[in-house]
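The structure appears right after this line, and notes come after that.
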Amino acid sequence: MTTIDFSRVILYLLVLFVLAWPLGLYMARIYEGRSVFWDRVGRPLERLVYWFCEIRPDDEMDWKGYALAAVSLNVVGMLAVYALQRLQGVLPLNPLGLGGVSPGVALNTAISFASNTNWQAYGGESTMSFATQMLALTVQNFLSAATGMAVLAALIRGLSRRETRHLGNFWVDCTRSVTHILLPLSVLLAVLLMAQGVPQTFQGSVTARLLDPVTYDKPVVDGNGAPRLDAAGKPMTESAVAAEQKIALGPVASQEAVKQLGTNGGGFFNANSSHPFENPTPLSNFLEVLAILLIPAALCITFGRMVRDTRQGVAVLATMTILFALFLFPCLAAERAGNPRLAALGVDASTVDAPLAAAKPGGNMEGKEMRFGVVDSALWATATTAASNGSVNSMHDSFTPLGGLFPMLLMQLGEVVFGGVGSGLYGMLVFAIVAVFVAGLMVGRTPEYLGKKIEAFEMKMAALVILIPPFLVLCGAAVAVATGARTAISNPGAHGFSEILYAFSSMGNNNGSAFAGLAADRPYYAWAGAFAMFVARYWLIVPTLALAGSLAGKKSIPTGAGTLSTHTPLFVGLLVAVVLTVGALTFIPALALGPVVEHLMLPQ
2 MTTIDFSRVI LYLLVLFVLA WPLGLYMARI YEGRSVFWDR VGRPLERLVY WFCEIRPDDE
62 MDWKGYALAA VSLNVVGMLA VYALQRLQGV LPLNPLGLGG VSPGVALNTA ISFASNTNWQ
122 AYGGESTMSF ATQMLALTVQ NFLSAATGMA VLAALIRGLS RRETRHLGNF WVDCTRSVTH
182 ILLPLSVLLA VLLMAQGVPQ TFQGSVTARL LDPVTYDKPV VDGNGAPRLD AAGKPMTESA
242 VAAEQKIALG PVASQEAVKQ LGTNGGGFFN ANSSHPFENP TPLSNFLEVL AILLIPAALC
302 ITFGRMVRDT RQGVAVLATM TILFALFLFP CLAAERAGNP RLAALGVDAS TVDAPLAAAK
362 PGGNMEGKEM RFGVVDSALW ATATTAASNG SVNSMHDSFT PLGGLFPMLL MQLGEVVFGG
422 VGSGLYGMLV FAIVAVFVAG LMVGRTPEYL GKKIEAFEMK MAALVILIPP FLVLCGAAVA
482 VATGARTAIS NPGAHGFSEI LYAFSSMGNN NGSAFAGLAA DRPYYAWAGA FAMFVARYWL
542 IVPTLALAGS LAGKKSIPTG AGTLSTHTPL FVGLLVAVVL TVGALTFIPA LALGPVVEHL
602 MLPQ
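Add 1 to a position in the sequence shown, counting from 1, and you land on the number used in the working numbering.
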């Protein structure tokens, strides 16, 4: 890895932290109901939503009411997305005349976008109409992200409030997340992306003339569209020349903006953010990968401000950053080293020749865009799997075995290294509670976190949050390997196992990125994936809110000489160790059967 590579990563992190600090303070004011500069636009929108939905903003909820509201909104959203997909063939805003989506894929997609997973078992431009893309998928990009942010706000109140059963009002938190945070940021980013060439139009497609026409065999059909057969019963063909190509367009920039800011990841096009219409330039690439981690990083500052101790938020942010770096730099080094098989043939792809630096990025360039190269591809792969974003600007299936291992393991840690907006931080706070519990066991003292005793109920809820995703991932992958579902992989052996393990790691942790090479629209993956995404989202939200409700009802414990400081480098190190230990103990055996053994089988 070169000095320039290192400098680009450091520059990215510096810009991220500089922007995260004021945004985090701004979001704290939003969730505390204080005035902000956006009120002239945001407050009227907020009051309009309250009036239309008959919401009483002053009515606070206990954890059960908060959980019921969150789950009910998402279930209604799932049903709406499912219906729009099935009926899109008869709905307007369908210039390409696309028919209804099949039931299995429609259900998988509905749960995927409602749960903030945005796993795509379909090709966007060839499957979804403009109406479905905007009314179903883009709307859910806002609501699923706002749900995670609202649940985080409730957990923070549980940590900061004393002897109460009230955690706020879900409808208020969700509405403010959209009107005051996601909407203005998405508008700003969409405008910047349009300036870089990302289309925003209702035009279905544009026709381009080919510089080199292609001759091909076209099937001969009758008046009903059925193929004609020759005397031997084989389909008849005739020679044809393709002199032009239709290129799909659509309202891309608006979906692209909230897709990244809300850690959604669902692309308008099948190629996602490697498509030149979703991500045309190096500047658009930087803006989008910055947007992926911006809100998750800023929420750490929001957390510190809302619990009245900014050091707590900085400690959590430092933990996430250390874990991010521990996976980013090895991934980048593995990809920069190049393909070992090529090295065995005497091809040196690990360095950049100075005279050809602009045309020869060096490293493993298979499955990567020339305009991004190894560094931006590895940075994106790590950021999108650290956050539960799921968008891609390169083909993860083409990464080296070790290069693909690190993004996969980042998901398997539970999507707590930045993670999804809201969900990543509340997952990391659950790990923090486990860390203080472990520390309490070591010194023989009742564990405390932010002045609250951590007792049996809290540990049971924390255990559910941490253990449910690994259970879904390992069981889903095991069933796929043990049954005929393994025929959906395009590569045999260890790499094929990695494709299956990556898919369930993505769905079982609400990430949404794909290793590729897997026929994800097969019935098993559509239905089992839908189940995994639903459980991984809502069976974690409910125990998280139960934990918040329990903490809110506790008394405050004065800090004493034996109290573990949770803002120090020592605690940051302990929290990093706990997160890595849980991931290692759970997934190293499975990873040994996939990317590890594949790496050992390569020429050394």
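Every residue, glycine too, gets a C-beta built ideally from N, C-alpha and C.
To the nearest angstrom, report how far apart Val-439 and Met-460 are at their CA atoms.
-> 11 Å
Discussion item. Please list the terminal residues of the continuous beta strand (DSSP E) segment that includes Leu-184.
Written reply: From DSSP, Leu-184 is part of no beta strand (DSSP E) but of the alpha helix (DSSP H) over 184 to 196.
If you drop the 5 nearest sequence neighbours on each side, which residues of the same chain put their C-beta closer than 8 Å to that of Ala-355?
Note that Ala-355 scores 40 on pLDDT, short of 50, meaning its location in the model is unreliable and no value can be drawn from it.
Less than 8 Å between the C-beta atoms of Gly-415 and Ile-467, yes or no?
Result yes, Cβ atoms of Gly-415 and Ile-467 sit closer than 8 Å.
Meets three-Cβ-pair contact criterion under 8 Å: the segment 482 to 490 and the segment 76 to 87
no
* Asked: Can you list, in chain order, the residues of its chain whose CB lies under 6 Å from that of Phe-588, leaving out five sequence neighbours each side?
  -> Gln-413
Original post:
If you count every other CB in all the chains shown that lies within 10 Å of the CB of Ala-553, and 16 or more means buried, which is it?
Top reply: buried
Short Cβ contact (8 Å threshold) for Trp-120 with Ser-389 = no
Worksheet item: Where Ala-433 and Leu-576 are concerned, what is the direct C-alpha to C-alpha distance, given to the nearest angstrom?
Response: Rounded to whole angstroms, the separation of the alpha carbons of Leu-576 and Ala-433 is 6 Å.
Check your understanding: Between which two residues does the alpha helix (DSSP H) harbouring Ser-206 extend?
Key -> From DSSP, Ser-206 is part of no alpha helix (DSSP H) but of the beta strand (DSSP E) over 206 to 220.
Discussion item. Please report the straight-line C-alpha distance between Ala-115 and Leu-168, rounded to a whole angstrom.
Written reply: 23 Å
### Query
Do Ala-521 and Ala-504 have their C-beta atoms within less than 8 Å of each other?
yes
Using the Cβ count rule (16 or more neighbours within 10 Å means buried), how would you classify Gly-34? Exposed, by the Cβ-count rule.
Practice problem: Report buried or exposed for Gln-134, applying the criterion of at least 16 other Cβ atoms within 10 angstroms of its Cβ. | Solution: With 16 or more other Cβ atoms from the protein chains shown falling within 10 Å of its own Cβ, Gln-134 counts as buried.
**Prompt:** Do you know how far the Cα of Gly-518 is from the Cα of Pro-570?
**Reply:** Using only the alpha carbons, I get a separation of about 42 Å.
Are the beta-carbon atoms of Leu-108 and Ala-531 separated by less than 8 Å?
yes
**Request:** Answer with buried or exposed for Ser-178, where buried requires no fewer than 16 other C-beta atoms within 10 angstroms of its C-beta.
**Result:** buried
Tell me, to the nearest whole angstrom, how far the beta carbon of Pro-544 is from that of Leu-465; I am working on the premise that it is less than 8 Å. 4 Å
Checklist entry - What runs of the alpha helix (DSSP H), each 4 residues or longer, lie entirely inside the segment 35 to 61? => result 40 to 54
- Along the alpha helix (DSSP H) that carries Gln-1, what are the first and last residues, could you check? In the structure displayed, the chain extends from 2 to 605; residue 1 sits before or after that span and is not available.
- Message: I need the straight-line Cα distance from Pro-185 to Gln-89, nearest angstrom please.
- Response: Near 29 Å, if we compare the C-alpha coordinates of Gln-89 and Pro-185.
**Message:** What does the Cβ neighbour count give for Asn-225, buried or exposed, with the cut at 16 atoms within 10 Å?
**Reply:** exposed
Residues near Met-195 in its chain [Cβ-Cβ closer than 6 Å; skip 5 each side]
Sequence-distant partners of Met-195 (beyond 5 residues in either direction) whose C-beta falls short of 6 Å from its own C-beta, in its chain, are Gln-201 and Ala-254.
- Less than 8 Å separating the beta-carbons of Ala-71 and Ala-549? no
Notebook entry, point to check: What do you get for Ala-232, buried or exposed, if any count of 16 or more other CB atoms within 10 angstroms of its CB means buried?
Noted result: exposed
Measuring alpha carbon to alpha carbon, tell me which residue in Asn-265, Phe-131 and Leu-160 is nearest Pro-252. Phe-131
*asked:* Using CA atoms only, rank isn't needed, just tell me which of Leu-291, Val-417, Asp-377 and Ile-293 is closest to Ala-319.
replied: Val-417
Where Tyr-13 falls: helix, strand or coil (DSSP)
In the structure shown, the three-state DSSP call for Tyr-13 is helix.
What three-state label does DSSP hand Tyr-450 in the structure shown? strand
For Gln-246, the residue or residues it bridges with in DSSP
Ala-209
Contact check, Thr-383 vs Phe-419, beta carbons under 8 Å:
For Thr-383 and Phe-419, no; Cβs fall outside 8 Å.
For the 8 Å Cβ check, are there 3 or more pairs between the segment 295 to 314 and the segment 15 to 30? Taking 8 Å as the limit for Cβ pairs, the verdict is that the segment 15 to 30 does touch the segment 295 to 314.
*Going straight from the alpha carbon of Glu-239 to that of Thr-208, what length do you get?*
23 Å
Residue range of the alpha helix (DSSP H) that includes Pro-470: 457 to 483
Exercise for the section: Rounded to whole angstroms, what's the CA-CA distance from Leu-211 to Tyr-217? Just pull it up for me. Expected result: 14 Å
Checklist line | Of the listed residues Leu-99, Leu-410, Leu-291 and Trp-172, nearest to Leu-144 (C-alpha basis) | finding: Trp-172
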